[in-house]
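Protein chains: 2
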Amino acid sequence: MSTSFQPLYKQVYDVLTQRLQEGYWKPGDLLPSEFALADELGVSQGTVRKALNQLVTEYLLDRQQGKGTFVAEHTQESSLFRFFRWREPGGEKLIPETTVISQSRKSANVDQQQKLGLPAGAEINELVRVRSLLDQITLLEFVVQPLSVFPDIDLVKELPNSLYTLYQERYGISIISARDELRAEALPKKFAKHLNLPPQHPVLVVERLSINIDGRAVEYSTAYCSTESFSYVVNLK
Amino acid sequence: MSTSFQPLYKQVYDVLTQRLQEGYWKPGDLLPSEFALADELGVSQGTVRKALNQLVTEYLLDRQQGKGTFVAEHTQESSLFRFFRWREPGGEKLIPETTVISQSRKSANVDQQQKLGLPAGAEINELVRVRSLLDQITLLEFVVQPLSVFPDIDLVKELPNSLYTLYQERYGISIISARDELRAEALPKKFAKHLNLPPQHPVLVVERLSINIDGRAVEYSTAYCSTESFSYVVNLK
DNA sequence: GAGTGGTCTAGACCACTTC
DNA sequence: AAGTGGTCTAGACCACTCT
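Heads up: the sequence lines are chains A and P, in that order. Letter by letter, the first sequence follows residues -10 to 226 in this note's numbering. Letter by letter, the second sequence follows residues -10 to 226 in this note's numbering.
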């Protein structure tokens, strides 16, 4: 017995999370007040508060005293701040400039199928772009976007600097976490011209799996990165 | 006015943090109960609870229902789990085996002085070791330990696999966070034999600054890492 | 059974925003 | 002034551990 005890606040948390996943409330929306939610769900205001604050720590909600509780929005700034890890030697934040090289529809290869949980033969869009920091070309990025998740994304004219804002606004996909896997490799000859480096030069390869609010991996990217002037920086807590 | 409003729980938090920093309570110690602390500090039990739970999220305390609240200990497992980011391609955790190559007292160079906030001429211990994953030599690590922080650390006979447990037990230093800076480089010739790789082979260079509970940077390390079989993996939230 | 932390409630008051 | 979230308290009860 007692296998499935769930505190009330956890049940409230689950209801709220579900509504966010379903899009019942959308990014930027104002949620009902603590008392209104408490009435609706039949619990006390303090219990609702505990669930709401948990969602704030997970970046899903944003609370402002006197104004209310809002569904968190992925702005350019907040996305780059959380997920873009490149820094100057001094540690200063950097904003990348991005140029699209190409994109094309393809069938997902086995590796992509497995990483993104796609069926055999699933179609993806492969986006290739270079990103510069302080006018120095630093990253060559290959982004894999399943068309089942992002229909017709290859038809979008103006891609924003941070794709995550597009994912949220156009597709209702809210990226809540990313898993980065880093290796050092010799720069393949065919990529050399994009990065202004000689072939065989050591580069940092960053493979990223981006996770949606519902826990699914929805985007996979591989970046070849020059670390001559900038570094990938992460704080472990 | 109103520049310095501090909630009660924050003041309680500050008192508790200070005691932890001073070593008034040591790792593994049992803290007084919520009610005892509340009485002592003249606040209610709920306010103490809020401060205690904050410290739990920061890994400084550990609470166990029915038993009490303890000062967190850096076990081999917890340290490696939080701060050792190497994984198999599959994503499985790995436990390193470690062999000391050498160590020697030196004067800190300018870079080390600056990173560790040391005065000119400060003495450090430089520890060199290799670490293996699944019997494959993977990391060559240079650890810089200021002797002002770790007196006579070069005289310690048996170094543990995770230095952080030694820092805590012998020196009262509790590492609460680390800042990693990653680059790709060509393997210097003089390191080649240690890593079983040819000179000029691309390696991942990880520079780490380890931060004590009081916010000071107390250790600086540089690791040259083969990424042939394993990767540095990090989850961004 | 006694002592601990964990949950839940109800109510009071404070701080901030908006009208 | 009204409405929101933020803090603080007091008390009840539950879940777990130890003796």
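The beta-carbon is built from N, C-alpha and C at its ideal position, and this holds for glycine as well. The model shown is predicted, which means the values in this text are computed figures rather than measured ones.
Taking the runs of the alpha helix (DSSP H) that are 4 residues or longer, which of them lie wholly in the segment 15 to 51 of chain A?
The segment 15 to 51 of chain A contains, as complete alpha helix (DSSP H) runs of 4+ residues, the segments 23 to 30 and 34 to 46 (chain order).
Do the segment 60 to 78 of chain P and the segment 148 to 157 of chain P meet, that is, are 3 or more Cβ pairs less than 8 Å apart?
Short answer: they touch.
Beta-carbon of D51 (chain A) versus every beta-carbon of chain P: anything under 9 Å?
One-based indexing of the first sequence puts residue 51 (chain A) at position 62. By this cut-off, D51 (chain A) is not an interface position.
Identify the residues that DSSP records as bridge partners of Y153 (chain P): which are they?
Position 164 of the second sequence, counted from the start, is the residue given in the question as residue 153 (chain P). Paired residues: none, contrary to the question.
Leaving out five residues before and five after M(-10) (chain A) in sequence, what residues of the same chain have Cβ atoms less than 8 Å from its Cβ?
Translated into the one-based positions of the first sequence, residue -10 (chain A) becomes position 1. Note that M(-10) (chain A) scores a pLDDT of 34, beneath 50, so its modelled location is shaky; the value from the coordinates is reported in the next line. So no residue of the chain qualifies.
I'd like to confirm the pairing. Which residues does DSSP put opposite Y213 (chain P) in its beta bridges?
Against the second sequence, residue 213 (chain P) aligns to sequence position 224. The partner list for Y213 (chain P) (beta bridge, DSSP) reads P:L129 and P:V194.
DSSP-derived helix/strand/coil call for T6 (chain P):
Working through the second sequence from its first residue, we reach residue 6 (chain P) at position 17. Judged by DSSP in its simplified three-state form, T6 (chain P) adopts helix.
Out of curiosity, what's the CA-to-CA distance linking D169 (chain P) and F24 (chain A)?
Along the second sequence, one-based indexing puts residue 169 (chain P) at 180. Along the first sequence, one-based indexing puts residue 24 (chain A) at 35. Note on geometry: alpha-carbon atoms of D169 (chain P) and F24 (chain A) lie some 44 Å from one another.
Which stretch, first to last residue, makes up the beta strand (DSSP E) that contains F59 (chain P)?
Here residue 59 (chain P) corresponds to residue number 70 of the second sequence, with the count starting at 1. Note, F59 (chain P): beta strand (DSSP E), G57 to V60.
Spell out whether any CB of chain A is found under 9 Å from the CB atom of S220 (chain P).
For the purposes of this step, residue 220 (chain P) is taken as residue 231 along the second sequence, with counting starting at 1. Under the 9 Å criterion on CB atoms, S220 (chain P) is classed as interfacial with respect to chain A.
For a contact defined as C-beta to C-beta under 8 Å, what are the partners of N42 (chain P) on chain A?
In the second sequence, the residue the question calls residue 42 (chain P) occupies position 53. By Cβ distance, chain A contributes nothing, its closest Cβ being about 11 Å from N42 (chain P), past 8 Å.
Chain-order list of residues whose beta-carbon lies under 6 Å from that of P(-4) (chain P) (same chain, five-residue window excluded):
As a position in the second sequence, residue -4 (chain P) is number 7, starting the count at 1. Contacts found: none.
Got a sec: which bits of the segment 184 to 204 of chain P sit with their beta carbon under 7 Å from any beta carbon on chain A, in order along the chain?
Within the segment 184 to 204 of chain P, the qualifying residues are P191, V192 and L193.
On the criterion of 16 or more Cβ atoms from any shown chain inside 10 Å, does F219 (chain A) qualify as buried, or is it exposed?
Residue numbering aside, residue 219 (chain A) sits at position 230 when the first sequence is read from its first letter. Burial is judged here by how many other beta carbons sit within 10 angstroms of a residue's own beta carbon; F219 (chain A) has at least 16 and is buried.
Output yes if chain P places a C-beta closer than 9 Å to the C-beta of V223 (chain A); else output no.
Against the first sequence, residue 223 (chain A) aligns to sequence position 234. Yes - at least one Cβ of chain P is within 9 Å of the one on V223 (chain A).
Three-way DSSP call (helix, strand, coil) for D169 (chain A) in this model:
Taking the first residue of the first sequence as 1, we reach residue 169 (chain A) at position 180. Of the three classes helix, strand and coil, the one that applies to D169 (chain A) here is strand, per DSSP.
How would you call Y213 (chain A), buried or exposed, if buried means at least 16 neighbouring beta carbons within 10 angstroms?
In the first sequence, the residue the question calls residue 213 (chain A) occupies position 224. It counts as buried.
Output needed for F72 (chain P): all residues of its chain with C-beta closer than 6 Å, excluding positions within five of it in sequence on either side, in chain order.
The residue labelled residue 72 (chain P) in the question sits at position 83 within the second sequence. Non-local C-beta neighbours of F72 (chain P) in its own chain, meaning closer than 6 Å and more than five positions away in sequence, comprise A167, ordered along the chain.
Have a look at the DSSP bridge pairing and note the partners of E86 (chain A).
In the first sequence, the residue the question calls residue 86 (chain A) occupies position 97. As DSSP reads the structure, E86 (chain A) sits in a beta bridge with A:S121.
Verify whether the separation of the beta carbon atoms of S91 (chain P) and E112 (chain P) is less than 9 Å.
Within the second sequence, the letter at position 102 stands for residue 91 (chain P). Within the second sequence, the letter at position 123 stands for residue 112 (chain P). The answer is no: Cβ separation not under 9 Å.
List the residues that DSSP assigns as beta-bridge partners of E174 (chain A).
Within the first sequence, residue 174 (chain A) is the residue found at index 185, counting from 1. Bridge partners of E174 (chain A): A:V192.
In chain A, which residues lie less than 7 Å from E170 (chain P) when you measure between Cβ atoms?
The residue given as residue 170 (chain P) occupies position 181 in the second sequence. Those are S220 and V222, listed as they occur along chain A.
Does the CB of S67 (chain A) have a neighbour CB from chain P at under 9 Å?
What you label residue 67 (chain A) is simply residue 78 of the first sequence in a count that begins at 1. With 9 Å as the cut-off, S67 (chain A) does not count as an interface residue toward chain P.
Rounded separation between N185 (chain A) and I126 (chain A) - CA only:
For the purposes of this step, residue 185 (chain A) is taken as residue 196 along the first sequence, with counting starting at 1. For the purposes of this step, residue 126 (chain A) is taken as residue 137 along the first sequence, with counting starting at 1. It is roughly 7 Å from the alpha-carbon of N185 (chain A) to the alpha-carbon of I126 (chain A).
With a threshold of 9 Å between beta-carbons, can Y48 (chain P) be considered close to chain A, or not?
Your numbering for residue 48 (chain P) matches position 59 in the second sequence. Yes, because at least one Cβ of chain A sits closer than 9 Å to the Cβ of Y48 (chain P).
Against chain A, does A206 (chain P) count as a neighbour if the rule is that its beta carbon must be under 9 Å from one of theirs?
As a first step, residue 206 (chain P) must be located in the second sequence, where it is residue number 217. The beta carbon of A206 (chain P) sits no closer than 9 Å to any beta carbon of chain A.
Considering only the alpha carbon of each residue, which of P:F180, P:K179 and P:T216 lies closest to A175 (chain A)?
Taking the first sequence and counting its residues from 1, the one referred to as residue 175 (chain A) is at position 186. Residue nearest to A175 (chain A) within the set P:F180, P:K179 and P:T216 is P:T216 (criterion: CA-CA distance).
According to DSSP, simplified to helix, strand and coil, what is L116 (chain A)?
In the first sequence, the residue the question calls residue 116 (chain A) occupies position 127. Secondary structure of L116 (chain A) (DSSP, three-state): strand.
Could you name the residues that DSSP lists as bridge partners for L225 (chain A)?
As a working mapping, residue 225 (chain A) is identified with position 236 in the first sequence. According to DSSP, L225 (chain A) bridges with P:A167.
So which residues on chain P does A173 (chain A) lean against when the C-beta distance must stay under 7 Å?
Taking the first residue of the first sequence as position 1, residue 173 (chain A) is located at position 184. Per Cβ cutoff of 7 Å: A173, P191, V192, L193 and T216.
Cβ shell of P140 (chain A) (< 7 Å), same chain only, five flanking positions each side left out
The count along the first sequence starts at 1 and reaches residue 140 (chain A) at position 151. So the list is empty, once near-sequence residues are dropped.
Can the beta-carbon of V222 (chain A) be found closer than 9 Å to that of W75 (chain A)?
Counting from 1 along the first sequence, the entry for residue 222 (chain A) is found at position 233. Counting from 1 along the first sequence, the entry for residue 75 (chain A) is found at position 86. When the beta-carbon positions are compared, V222 (chain A) and W75 (chain A) come within less than 9 Å of each other.
For F72 (chain P), decide whether its Cβ has a neighbour in chain A, counting only Cβ atoms nearer than 9 Å.
The count along the second sequence starts at 1 and reaches residue 72 (chain P) at position 83. Taking CB atoms only, F72 (chain P) has a neighbour in chain A less than 9 Å away.
In the DSSP assignment, the alpha helix (DSSP H) including R74 (chain A) goes from what residue to what residue?
Here the question's residue 74 (chain A) lines up with position 85 in the first sequence. Premise fails: R74 (chain A) is in no alpha helix (DSSP H) and is neither H nor E.
Would you mind telling me which residues of chain A sit closer than 7 Å to K82 (chain P), beta carbon to beta carbon, in chain order?
The residue labelled residue 82 (chain P) in the question sits at position 93 within the second sequence. Simply none; closest approach about 14 Å.
Just to confirm my understanding: we take G17 (chain P), look at its own chain, exclude 5 residues before and 5 after, and list those with CB closer than 7 Å. What are they?
Residue mapping note: residue 17 (chain P) aligns to position 28 of the second sequence, counting from 1. These residues qualify, in order along the chain: F59, V60 and E62.
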